[in-house]
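A.B. asks: Chains as they are written, first to last, in the working numbering: chain A, 965 to 1090; chain L, 449 to 1167; chain B, 140 to 238. Where a beta carbon is used, it is the ideal one built from N, C-alpha and C, also for glycine. Bear in mind that the values here come from a model prediction, so they are computed numbers and not experimental data. Can you keep this structure in mind? I'll have questions shortly.
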Amino acid sequence: MDPARKRKLRLVVALTAALLLATALIYTSFSASTEASKPSEVKPGRSYEVTGKVVKGSIRHTGDDLRFRIRDRDGTDSVPVAYTGVVPDPFREGREVIVSGELKNGTFVAERDSLVTKCPSKFTKS
Amino acid sequence: MAGVGSACLAIALLTALYAVVASVYGARSRRREWISSGRRAIYCVAALSVAAFALLEAAFLRSDFSYALVAEGSSTDTPTFYKVTAVWATQDGSLLLWVTLLSLFSTAVLFVTRRSLRDIAPYATAVLGCIAAFFLLLMVGWENPFDTLAMPPAEGAGLNPLLRHPAMMIHPPMLYTGYVGFSVPFAFAIGALIARRTGADWIRATRRFALIAWTFLGTGIMLGALWSYTELGWGGYWAWDPVENASLMPWLVGTAFLHSIMVQEKRGMLKVWNVSLICATFTLALMGTFLVRSGILDSIHAFGASTIGVQFLVFIGLVIAVSAGLIIFRLPYLRSEARLDSLLSREAFFLLNNLVLVGLCLVILWGTFFPLISEAISGTEASVGPPWFNRLVTPLALVLVLLTGIGPVLAWRRVTPASLRRILVVPLTAMAVALLALLAFTDAAESPASLAMFCFVAFVLAVVSQELWRGTMARRTMTGESWPRALARLTGRNRRRYGGYLVHAGIAVLFLGVAASSAFLDQRDVRLSPGDSFKLNGYDVTYREATAKLGGDSAGTGAPISFGAVLDVRKGGKHFVLRPSRNYYASPDPSLGTISRFFEGEATSEVDVRWGLTRDFWLAVRPDIGSLEGPIREADAKFADSPGDVQALIVAALAERYRSNPPPAAFRAIASPLVVWIWIGGGIAVLGALVAAWPSPEARLRRVRSLYSARVGQELSRA
Amino acid sequence: MEYALALLVLAALVAIVLWLPLRRRGEEERHDETLLAELSAAKEAKYREIRDAELDHRMGKLSREDWRSVDRDLRAEAIEILRRLDRIEGRSPEGGMDR
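Below, the structure written as structure tokens:
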């Protein structure tokens, strides 16, 4: 095989590999992603990953259960959450959290260990 | 003194701008005195930055709360170590650290190249000056670390308790040294493009800086992972968090760069690739610095949350535009000098390794920015989690580890296929033996990816050992030296090669730890009262008693209250004691009750880990202070206006109440195999990098000789 | 006021440091010297490559024929570098001091 054809072949192989990777990326990410929703947007029947703020005064620890209310970042309507699992260290009222789960009978029942608390930003002028 | 600090920054900004102008003028008019002046300007920027940094540190150390920054990030009861390191926990302070490190590195490289690279160095000086000017402008214009408060408070807010961990405080300087280090080869690449000197000279001059940057960045990333493992209560070391990814991406591309520059040095190939790669590395480094301090990944609408987000984005855009423009305009000067001789060569496999590394970086980039991408495409913000990352990264990581084993076996230009077959016999056998042993004696087959990784690691270690052995043997036949002497001479005279092999071995060991610990860990979450016990991974764990400490936690972070547990862990004849705890820091919130504020502030998990070569036993506790809620509220009411020492007594009484009659506490126990090898592997890699970066004695001799001949030339021409 | 005073003092100090080299005027950048340094570095790198190739051959990665071919190419490249070095050294006034 002459060098010019060899080089063309290598280019084709490289481009094909890149195309495959891109396809894998796009396909898997769009199918595996979870939508970030606001507490006011949850409806019963499917799972959501909800981002919002913990309502002040709403935190109750009862044994293994953690109950609190979560509201939109810039809103007042809140949804009650029932959660079991690891509670991250920065978890506190007024902090922004992300939790995944499903709305059942008016309460957002969270998946175990799915609670994430955003570190209070030291880098914004608050 | 704050005024002096501000003045230092302002003068430094003007000096940096002067450096740009003087260097460019000197380069274009070929006037050496202007180039020299421009270079000195960078030295001045370094001096001014160091002075400013020292002033800021001094303010922190004496807890001068007239400085807004000190009031925000430190307090009189913060331990000294954390007072020193709190400087870079804040935005303003970390910008100052960046500039200080950048100007010091710039000084170093410009001093070393002051007599060489005469065409490129002035433009590199200008680029470094621009970068320094940007960061100084950010500080002078928006985030001045020397802002003062008209009414200094009596006490500062204190350092965020989550950061009170030695690894977490060394982590930023390490990362920044990495980011800053990569700006040096970047500046010289831009200089080389402008000056049309696109040979390997800019690479040779900045290679060590790139290696040092790579080492520090890698160490910083590992420290972050170590912090996550030992400080956060979830027991993992990597969560594919945007902030973690932001530091990993430049490291991956930097690794690719370190390899591909070798191809340009030896064969004059991949010129376009190399300049593009270093521009990408630097851009990603800037992006890493920027991502940590903007809310951009929360949502594109929260983008303006940071006060300097826009500026960063503009600067990154500028860097990309200038880099791309220069590369395109200088394409004629970036033609390859040679062609790929054979696919069985180091060049070919380095190219392959580059593709894998860049592919990994793209995957991580895609996943990290996916919320923005999906919002742009479909209008809804969606995100991908660790399972997606692991799914895509694992196959690429497997290929990468395999390549780290094949690379050392090859030679430049070509390898005779028959010789290759002979050389691969031992490593392939080692791999087969490992495979059989794992299949026969362990349940490693349950995770095919991990099994493959273990085999590849065995392959890599066998290759490295064989290379050392064969090299020593080859040297012995040439010189007849003894074994140890031959080995020492071999590695001493080929530091780059054998240092690199050591890095490969370290990375392989690191992946061994990652594969084992992620696929085969055992975890349990339980609620226990004293006396209860549970089993995990063959260990018997018994909750012996509760502990309550005031005013002196074991980790030295200055926590007022620390509730914990003592647990006995037994297996076979082994017995050890673990003491996890939870630190409670007082909240400064005035709306809380006098007693309850002690329990409503930040709380951190102080994990206890029993390190082991085969397995780590990790334990965290979450005491239930809900039972104390009643007495706390009573105390709030009764002792609302009591002085500090009465408050302390009440808190002590509450603590004793918890200790003597503790309600069931929540425990998380994790037994993860081979975790410690991650850190050990990283350490080996760092050692290898040091060996590769160490200047060889012959190079020093050559430099001295060339300096003398340059001097002779100068003096003769003046006479 | 502290700020203004510090500003003046520092500006003066820096200005002095930056002005000092400017007094030495008229030293033009000599293209030859740059090229000389670069070629010397390239020569050393090429020698290292030749040595590495020999090591690779002794370690069994290259057969004798392959090594001979690679060695020939490398030595030819080294000779080319030496030729260019000689041309420059011949041209410069000091007349080559490495000899």
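#1: Is it right to say residue 579 of chain L is buried, meaning 16 or more other beta carbons lie within 10 angstroms of its own, or is it exposed?
#2: Nearest to residue 1031 of chain L by alpha carbon, out of L/995, L/645 and L/1052?
#3: Give the secondary structure of residue 1031 of chain A by DSSP, where H, G and I count as helix, E and B as strand, and everything else as coil.
#4: When the Cα atoms are used, what is the spatial distance from residue 1100 of chain L to residue 1107 of chain L?
#5: Give the list of continuous beta strand (DSSP E) stretches no shorter than 3 residues that lie fully inside the region 733 to 809 of chain L.
#6: Taking buried to mean at least 16 other C-beta atoms within 10 Å of its own C-beta, is residue 1076 of chain L buried or exposed?
#7: With residue 546 of chain L as the anchor, note down where its alpha helix (DSSP H) starts and where it stops.
#8: For residue 782 of chain L and residue 1120 of chain L, what's the separation of their Cα atoms in angstroms?
#9: Between residue 190 of chain B and the rest of its own chain, which residues show a CB-CB distance below 6 Å, the 5 nearest in sequence each way excluded?
#10: Give the range of the alpha helix (DSSP H) segment to which residue 1093 of chain L is assigned.
#11: Quick check on residue 141 of chain B - is its C-beta less than 8 Å from some C-beta in chain L?
#12: Taking residue 1053 of chain A as the query, report the chain L residues whose CB atoms sit under 8 Å from its CB, ordered along the chain.
#13: Mapping DSSP to helix, strand and coil, what is residue 705 of chain L?
#14: Alpha carbon to alpha carbon, how far is residue 1139 of chain L from residue 485 of chain L?
#15: Any beta-carbon of chain A closer than 8 Å to the one on residue 1079 of chain L?
#16: Let me check understanding here. Comparing Cα to Cα, which of L/632, L/648 and L/493 lies closest to residue 572 of chain L?
#17: Measuring alpha carbon to alpha carbon, tell me which of A/991, A/1028 and A/992 ends up nearest residue 1113 of chain L.
#18: Suppose contacts are defined by Cβ-Cβ distances below 8 Å. Is residue 860 of chain L in contact with residue 714 of chain L by that definition?
#19: Among the residues of its own chain, which have a CB less than 6 Å from the CB of residue 1035 of chain L, if the five just before and after it don't count?
#20: What is the rounded straight-line gap between the Cα of residue 678 of chain L and the Cα of residue 934 of chain L?
#21: Give a yes or no on whether the C-beta atoms belonging to residue 693 of chain L and residue 768 of chain L are separated by under 8 Å.
#22: Would you mind stating whether residue 581 of chain L and residue 471 of chain L have Cβ atoms separated by less than 8 Å?
#23: Alpha helix (DSSP H) containing residue 1131 of chain L: first to last residue?
#24: Helix, strand or coil, according to DSSP, for residue 892 of chain L in the structure here?
#25: Looking only at DSSP bridge pairs, what is residue 1058 of chain L linked to?
#26: Measuring only between beta-carbons, confirm whether residue 918 of chain L sits less than 8 Å from chain A.
#27: For residue 146 of chain B, decide whether its Cβ has a neighbour in chain L, counting only Cβ atoms nearer than 8 Å.
#28: Would you mind stating whether residue 905 of chain L and residue 849 of chain L have Cβ atoms separated by less than 8 Å?
#29: List the DSSP bridge partners of residue 1026 of chain L.
#30: Ends of the alpha helix (DSSP H) at residue 481 of chain L?
#31: What does the alpha-carbon distance come out to for the pair residue 841 of chain L and residue 226 of chain B?
#32: Assuming residue 552 of chain L contacts residue 531 of chain L under a Cβ cut-off of 8 Å, what Cβ separation, rounded to an integer in Å, is found between them?
#33: State buried or exposed for residue 669 of chain L, treating a residue as buried only when at least 16 other CB atoms are found within 10 Å of its CB.
#34: Counting only beta-carbon atoms, is residue 996 of chain A nearer than 8 Å to chain L?
#35: Pairing CB atoms from the region 455 to 473 of chain L with CB atoms from the region 611 to 623 of chain L, are three or more of them under 8 Å?
#36: Which complete alpha helix (DSSP H) runs does the region 925 to 1008 of chain L hold, if anything under 4 residues is left out?
C.D. replies: Concretely, from the data shown:
#1: buried
#2: L/1052
#3: strand
#4: 10 Å
#5: none
#6: buried
#7: 539 to 560
#8: 50 Å
#9: none
#10: 1092 to 1108
#11: yes
#12: 610, 680, 681, 1050, 1051, 1052 and 1053
#13: helix
#14: 35 Å
#15: no
#16: L/632
#17: A/1028
#18: yes
#19: 1045, 1048 and 1049
#20: 42 Å
#21: no
#22: no
#23: 1124 to 1141
#24: helix
#25: L/1065
#26: no
#27: yes
#28: yes
#29: L/1015
#30: 480 to 509
#31: 53 Å
#32: Incorrect: roughly 23 Å between the Cβ atoms, too far for contact.
#33: buried
#34: yes
#35: no
#36: 931 to 941 and 943 to 967
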